[in-house]
Amino acid sequence: MEKVSAVLSENKKYLQGEFENSMDFMMRELDLGGAGAALFALDGLVSKQTITLSILNPLMEAEELPGRGTEQLMHIERAVLGAVEQKRETKMDQILLLLMSGFAVLIIDGCEEALVFGVQGFESRGPDEPQNEVMQRGAKDGFNESYQNNMAMIRRRMKTSSLKFEKAEAGSRSHTPLAICYLEGVASPEILAKVKERLKSCTLDTTLGAGYLTSFLERGGVFSGVGQTERPDVVCGKLEEGRIAILVEGTPSAIIVPFLFVENFQTLDDYLTRPFYGTFIRWLKYAAFFLSTFLPGLYVAIATHHPEMLPEALLLKISESESQTPFPVMAETLILYFLYEVLREAGLRAPRSLSATVSIVGGLVVGDTAVSAGLVSAPSLMVVALTAIAGYAVPRLYEPLALLRLAFLLAGNFLGVWGVMIGLVLLLMDLCGTDSFGVPLMSPAAPYNGRLAFRDVFVRAGWRRLAKGSANVRNMPGSREIGE
Amino acid sequence: MVRTKISPAQFFTAMFVSHILVTIALNAQYTGGESILDNIISCIISMILAALISVPIWLCQGRGSVPELAVGSMGKMGAIVPIAYWLYFLLAGSSSLTLFQIFLMDTVNPGFSAGMVTAAVTGVALYGALRGIETAARCASCVLIAMLLGCGLVFGIVAVRFDPKNLEPLFQYGYSQTAKGTALFLARTSLFADMAVLLPQVQGKKGRGFLWWALGVTAFVSLTILLIAGCLGRYAYTQNFPVYVLASLTEVRSLQRLDAVFTGVWIMGLIIKLAVDMYACRVCFRAVSGGREKKWPVWVTGVLLVLLAWLAVGNSGVQGWLLDPWTLCICAAAVGAGLPLLALIGAAIRGKGAKK
Chain H
0 MEKVSAVLSE NKKYLQGEFE NSMDFMMREL DLGGAGAALF ALDGLVSKQT ITLSILNPLM
60 EAEELPGRGT EQLMHIERAV LGAVEQKRET KMDQILLLLM SGFAVLIIDG CEEALVFGVQ
120 GFESRGPDEP QNEVMQRGAK DGFNESYQNN MAMIRRRMKT SSLKFEKAEA GSRSHTPLAI
180 CYLEGVASPE ILAKVKERLK SCTLDTTLGA GYLTSFLERG GVFSGVGQTE RPDVVCGKLE
240 EGRIAILVEG TPSAIIVPFL FVENFQTLDD YLTRPFYGTF IRWLKYAAFF LSTFLPGLYV
300 AIATHHPEML PEALLLKISE SESQTPFPVM AETLILYFLY EVLREAGLRA PRSLSATVSI
360 VGGLVVGDTA VSAGLVSAPS LMVVALTAIA GYAVPRLYEP LALLRLAFLL AGNFLGVWGV
420 MIGLVLLLMD LCGTDSFGVP LMSPAAPYNG RLAFRDVFVR AGWRRLAKGS ANVRNMPGSR
480 EIGE
Chain Z
0 MVRTKISPAQ FFTAMFVSHI LVTIALNAQY TGGESILDNI ISCIISMILA ALISVPIWLC
60 QGRGSVPELA VGSMGKMGAI VPIAYWLYFL LAGSSSLTLF QIFLMDTVNP GFSAGMVTAA
120 VTGVALYGAL RGIETAARCA SCVLIAMLLG CGLVFGIVAV RFDPKNLEPL FQYGYSQTAK
180 GTALFLARTS LFADMAVLLP QVQGKKGRGF LWWALGVTAF VSLTILLIAG CLGRYAYTQN
240 FPVYVLASLT EVRSLQRLDA VFTGVWIMGL IIKLAVDMYA CRVCFRAVSG GREKKWPVWV
300 TGVLLVLLAW LAVGNSGVQG WLLDPWTLCI CAAAVGAGLP LLALIGAAIR GKGAKK
C-alpha cells in the first residue's frame, strides 16, 4: 500500500498488519461528527498527556466539524487542534517512519490524507557533564542522546540565523536521523557538498552511533580526519572556524569535519586561561604525545642496541635491574604493555563497584609483586606506566597511540634508534599525505603558514589577536578543491 | 593523476635536506686530501657551477619537464631522455644507499643486519613516492626541523671543543683537493635531475628558492667543515666519517654520546632524497607512457635500488664505480645540462620544421 486510502478500514488493516505482534502499537478509534476516524501512535515514543490534551480533548470537545473527508481534515488542522508540530502526509512509508519517530497519526474516513502530529515523549538523559572531555573552567553541560536536544544546546549558544541544521538520515533499516550543522557563509559549500555525498554513500542497514559513520567520512591514514566532541561549546567554536558538525540521534557526541591533527591537542580550557599558560599546556601535550609514542620504543632501542647513549650511572642502574629478570627488555616491555591494556579494558568494562578493585589488583598487586618477584624490572615498569599516563594527556589520540607504541617498540627492538627514526619518517609521511576533506591534516604546520601556526598551534595567541578574523579551515595552506 | 603543485620553499627544502647528506658523508678519502678547510671553497665553487649547469633547465621549464619536452619534440627517440633520467636516479640513489650501508657496517657495526636498515629506508621512501610529491615535500619540512634540532644540539655541544689552533691555512697542499671536493659536491646531489623533472610542478618564485637553497647549503656545509677542522684537528683526516666522530665526542650529563642522532639525521635525509627521486622516476615513466600513470615503475625502482646497494656493498668493483666522484659528477652535469640542451635543440628543430 503506497498511499493513504480513502477507506479507513483499509488503512487500519494495513497499519495493523505492519505492526502485527508489536505490543507498543496503539490505535484509538474516534467518531468525528458521524465520520469514522482513528489515531495511531507507538507507546513509549509519544507523550500520552500531550496526545490527550492537544489532540483527543479538542477533537471530542469540538461542537461541529463541517464537511467530509479532506475538507473536514483541513478544518481540524486549522481550527481545532493545538499541536505545535503538525502536517499532512499521503505516503504510507513516510507515515510508518513518522510513527516510529514518535509522531501520532490521525486518519479520517473518506480522506486520502493523514494528519501527523509531533508528540514525542520519550525519556532522555539530562545534559550531564561530558565524561570524556572534562574541563576545568568550561561549561559543565554536554550532549545527550537526543539530537533535537543537542541542536537546541548549539542554538542557545549561537543566536544567529546563519546557523543551519539540515536533516539527513543514515541506515536503510534504522533510518537514524542526522542533523548537518554549519554556519552559512562561513562553511565551505564544497566541503558541505562532499559531507552530504559521503553520508549518502553510507550503505549500512543500521546506524547505532556516530562511530558507524566516521569510517564513511574519513579517507585512510593512521590519524583520523574526523573528530568527535561531547561538548556543545566546542562545536560552536568549530562552526565558527568553518567546520561542519553532524549530530546523530542516539549519540551523545557530534562529528566534526574537517578535523586537523593539531586539533587533537586543543581543548576549550586552553582558550579560557591566559595565553602564556595556554601555550605552556599546549606544549606539555605535544611533549606527552611524543613521550607516549616514542618512549617504549626508544627505551628498548637504547637498552638493547645503544647503551653508549646513556650516562654511566643510569646505564648501571638499568643493567643491574635487567640482570635480575628472566626476560629480555623487549619481552618484558611488551608483556607489561599488554598487561596494562588488559587492565585498562577490564577497568573500563567492569561494573563500577569493581573497577576500583581492578585498579588496585592491577596497579599495586600485579605491578609491585612482579617487580619484587624479579619477573620484570622497575625501569621497564616505570616506562610503561609513564607512557600510559602521558597518553591520557591527549585522550583523542589514544586509539592510534596504542598501536603506534607497539609498532615503535618492535622497530626499536629490531633496528635500534634508527628503526624508531625510520618509523618516525613513515609516520610523518602518512600524516603529511593525509587530507581531511581537501585540507592537509598537518596544516598549518606542513604546509606551513607562519601567521596561522603562531596563532593557535605553536602558541595560543591572546584573544585580542584571535579576534582579528577566525582561522577558517578553508584558508588553511595547501587546501584545495575537493577531488583534486 | 592530477599534477599537484608545491611551493618553491617546499621543493628547495626537500633539496636542502637531501643535499646535507653530502656533508655528513664527507671524508679525506673522497675529498682527496688532508686540508678539509679547502672544501669550504669547493662548496662555494660547486654552488656557482650548479647555477651555471642548471641554466638549460631554467630555459626548458616554461615548456614542461625536460622528459616531457624531449618526448614531445623528438617523439619515440625522445624517450631516451626520461630513460636516461631514470638510470641516473637509479645510480644516484644506489650510490647514497651504498655509502650509508658501508657506514653502518664499517663504523657503527650494529647488532642487526645493515642491509635490513637499507631496505627499510627504501621502503619508507617508496611509500612517500607513491603518496606523491606533496607528501614528500611536506615531510621534508618536518624533517628539516628535526635535522636542525639534532644538528643544532650536536654542534652546540661540540662547539666548546673548537680550537682555532687546529685550523690550517687554505690551499697549503695545492688546489687538487678543492677541485676534487667541488666534483664531490656536484656528484652527490640529484638536484639537477630533480629540477629537470619536477620544476614544472613548483609554483612560485623558483629563482629565489634556488638562491636560498645555495646560500643555506653553503652556510651549513661551511659550518660543519669548520667544526670538524676546529674540533678534531688532524684526527679528522684519519676517520672514514668525521661528522660521526664529531657527534660521538658529545658528553653531556643526560646523554653520553649523540652519534645515534647523527645516524638518525642521515636516515631522515636519505629517505627524503630517495622519495623525491623515486617520485621523479614516476614522472619520467609518465612521459614515456604518454601521460598514463603507473605505479609499478616506482616499485621496480625501489627494488633495484636496494639490490644495487647490496651488490655494491659486497663487490668492490661496483662500489668503486658507484662512489667515484668524477663518474657521478659527469653524470650530474649530463642530466643537468646535457639532456636539457638536447631537449631544447630537439624542440628548436621541430619548431623550425613547423614554420617551414
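Chains H and Z supply the protein sequences, listed in that same order. For what it's worth, numbering that gives the first Met the number 0 labels the leading residue of the first sequence as 0, then goes sequentially. For what it's worth, numbering that gives the first Met the number 0 labels the leading residue of the second sequence as 0, then goes sequentially. Cβ coordinates follow ideal geometry from the N, Cα and C atoms, glycine included.
Integer-rounded CB distance, given that residue j should sit under 8 Å from residue i
| i | j | result |
| --- | --- | --- |
| residue 417 of chain H | residue 262 of chain Z | 6 Å |
| residue 173 of chain H | residue 209 of chain H | Residue 173 of chain H to residue 209 of chain H, Cβ: 13 Å. No contact. |
| residue 241 of chain H | residue 473 of chain H | 5 Å |
| residue 203 of chain H | residue 170 of chain H | 5 Å |
| residue 32 of chain Z | residue 238 of chain Z | With a Cβ gap of about 14 Å, residue 32 of chain Z and residue 238 of chain Z do not count as contacting. |
| residue 245 of chain Z | residue 231 of chain Z | 6 Å |
| residue 157 of chain H | residue 238 of chain H | 7 Å |
| residue 359 of chain Z | residue 128 of chain Z | Because chain Z in this structure spans residues 0 to 355, residue 359 of chain Z falls outside the shown range and cannot be described. |
| residue 269 of chain Z | residue 25 of chain Z | Between residue 25 of chain Z and residue 269 of chain Z the Cβ distance is about 15 Å, and since that is not below 8 Å, they are no contact. |
| residue 328 of chain Z | residue 195 of chain Z | Contact flag wrong, Cβ pair sits at about 16 Å. |
Close Cβ partners of residue i (< 8 Å) along its chain, the five nearest in sequence each way excluded
| i | result |
| --- | --- |
| residue 380 of chain H | 335, 366, 369 and 370 |
| residue 351 of chain Z | Residue placement at residue 351 of chain Z cannot be trusted, given a pLDDT of 48 that sits under 50; what the coordinates show is reported in the next sentence. Nothing meets the Cβ criterion. |
| residue 408 of chain H | 295, 296, 299, 329, 332, 333 and 336 |
| residue 4 of chain Z | 200, 201 and 202 |
| residue 2 of chain H | 89, 90, 91 and 111 |
| residue 293 of chain H | 407, 419 and 423 |
Other residues of its chain near residue i: CB distance less than 7 Å, five sequence neighbours each side excluded
| i | result |
| --- | --- |
| residue 311 of chain Z | 93, 97, 317, 318 and 321 |
| residue 458 of chain H | 278 |
| residue 180 of chain Z | 30, 37, 38 and 41 |
| residue 489 of chain H | Residue coverage of chain H in this structure runs from 0 to 483, which leaves residue 489 of chain H outside it and unanswerable. |
| residue 68 of chain Z | 59, 62, 342 and 346 |
CA-to-CA distance, residue j to residue i, given in whole angstroms
| i | j | result |
| --- | --- | --- |
| residue 481 of chain H | residue 281 of chain H | In this prediction, residue 481 of chain H scores a pLDDT of 37, lower than 50, which makes its location untrustworthy; no coordinate-derived value is stated. |
| residue 462 of chain H | residue 452 of chain H | 15 Å |
| residue 72 of chain Z | residue 189 of chain Z | 25 Å |
| residue 100 of chain H | residue 51 of chain H | 19 Å |
| residue 113 of chain Z | residue 102 of chain Z | 9 Å |
| residue 384 of chain H | residue 126 of chain H | 34 Å |
| residue 33 of chain H | residue 67 of chain H | 10 Å |
| residue 387 of chain H | residue 285 of chain Z | 47 Å |
| residue 44 of chain Z | residue 11 of chain Z | 19 Å |
| residue 296 of chain Z | residue 308 of chain Z | 18 Å |
| residue 59 of chain Z | residue 23 of chain Z | 32 Å |
| residue 413 of chain Z | residue 427 of chain H | The displayed coordinates of chain Z run from 0 to 355. Any statement about residue 413 of chain Z would go beyond what the structure contains. |
| residue 276 of chain H | residue 269 of chain H | 8 Å |
| residue 392 of chain H | residue 289 of chain H | 11 Å |
| residue 423 of chain H | residue 146 of chain H | 40 Å |
| residue 477 of chain H | residue 332 of chain Z | 34 Å |
| residue 355 of chain H | residue 348 of chain H | 12 Å |
| residue 130 of chain Z | residue 84 of chain Z | 21 Å |
Residues that residue i contacts on chain A, provided the C-beta gap is smaller than 7 Å
| i | result |
| --- | --- |
| residue 109 of chain Z | No chain A appears in this structure, whose protein chains are H and Z. |
Nonlocal neighbours in the same chain, by C-beta distance under 6 Å from residue i, ignoring five residues either side
| i | result |
| --- | --- |
| residue 23 of chain H | 41, 42 and 43 |
| residue 221 of chain H | 399 and 429 |
| residue 433 of chain H | 220 and 440 |
task: With 9 Å as the limit, tell me which residues of the segment 410-426 of chain H have their beta carbon closer than that to any beta carbon of chain Z; keep them in chain order.
output: If you check each beta-carbon in the segment 410-426 of chain H against every beta-carbon of chain Z, the ones closer than 9 Å belong to 410, 413, 414, 415, 416, 417, 418, 419, 420, 421, 422, 423, 424 and 425.
- request: Taking only runs that begin and end inside the segment 275-351 of chain Z, name each unbroken beta strand (DSSP E) of 3 or more residues, in chain order.
  value: Within the segment 275-351 of chain Z, there are no complete beta strand (DSSP E) runs of at least 3 residues.
message: Please list, in chain order, the residues of the segment 113-129 of chain Z that have any C-beta partner in chain H closer than 8 Å.
response: Contact residues of the segment 113-129 of chain Z toward chain H are 115, 116, 119, 120, 123, 126 and 127 (C-beta to C-beta distance below 8 Å).
task: Quick one: which residues of the segment 432-454 of chain H get their C-beta closer than 8 Å to a C-beta of chain Z? List them in chain order.
output: Shown in chain order are the members of the segment 432-454 of chain H whose Cβ falls below 8 Å from a Cβ of chain Z: 432, 439, 441, 444, 445, 446 and 447.
- request: Anything in the segment 288-310 of chain H with a Cβ closer than 7 Å to a Cβ of chain Z? List those residues in chain order, please.
  value: Here the close residues are 304, 305, 307, 308, 309 and 310.
- prompt: Listed from N- to C-terminal order along the chain, which residues in the segment 458-477 of chain H have their beta-carbon within a distance smaller than 8 Å of any beta-carbon of chain Z?
  reply: Listed by position, the residues of the segment 458-477 of chain H near chain Z (Cβ gap below 8 Å) are 477.
query: If contact means a Cβ-Cβ distance below 9 Å, which residues of the segment 367-394 of chain H contact chain Z?
result: So the list is empty, because no residue satisfies the distance condition.
- prompt: Which runs of the beta strand (DSSP E) spanning at least 3 residues fall entirely within the segment 78-157 of chain H, listed in chain order?
  reply: Listed in chain order, they are 85-88, 102-107 and 113-117.
- prompt: Unbroken alpha helix (DSSP H) runs of length 4 or more, entirely within the segment 339-368 of chain H: which are they?
  reply: Secondary structure remark: continuous alpha helix (DSSP H) runs of at least 4 residues inside the segment 339-368 of chain H, in chain order: 351-358.
- prompt: Given a limit of 7 Å on CB to CB distance, which residues of the segment 151-164 of chain H reach chain Z?
  reply: Of all residues in the segment 151-164 of chain H, none has a Cβ within less than 7 Å of some Cβ in chain Z.
task: May I have a chain-ordered list of the beta strand (DSSP E) segments no shorter than 3 residues that lie completely inside the segment 28-79 of chain H?
output: Entirely contained in the segment 28-79 of chain H, the beta strand (DSSP E) runs reaching 3 residues are, in chain order, 34-41.
task: Could you run through the segment 263-283 of chain Z and flag, in chain order, every residue whose CB is less than 7 Å away from some CB of chain H?
output: Correct list: 263, 266, 267 and 270.
message: By the 7 Å beta-carbon criterion, what residues does the segment 313-329 of chain H contribute toward chain Z?
response: So the list is empty, because no residue satisfies the distance condition.
query: In chain order, what residues of the segment 82-99 of chain H put their CB closer than 9 Å to some CB of chain Z?
result: Listed by position along the chain: nothing, the set is empty.
- request: Please go through the segment 299-332 of chain H and give each complete alpha helix (DSSP H) segment of 4 or more residues, from N-terminal end onward.
  value: Note on the segment 299-332 of chain H: whole alpha helix (DSSP H) runs with a minimum of 4 residues are 311-322, in chain order.
- prompt: At which residue ranges does the segment 108-180 of chain Z contain complete alpha helix (DSSP H) runs of 4 or more residues, listed in the order of the chain?
  reply: If we require 4 residues or more, the alpha helix (DSSP H) runs fully inside the segment 108-180 of chain Z come out as 113-130 and 132-157.
- prompt: Between the segment 292-306 of chain Z and chain H, which residues of the former have a C-beta closer than 8 Å to a C-beta of the latter?
  reply: The residues in question: there are none.
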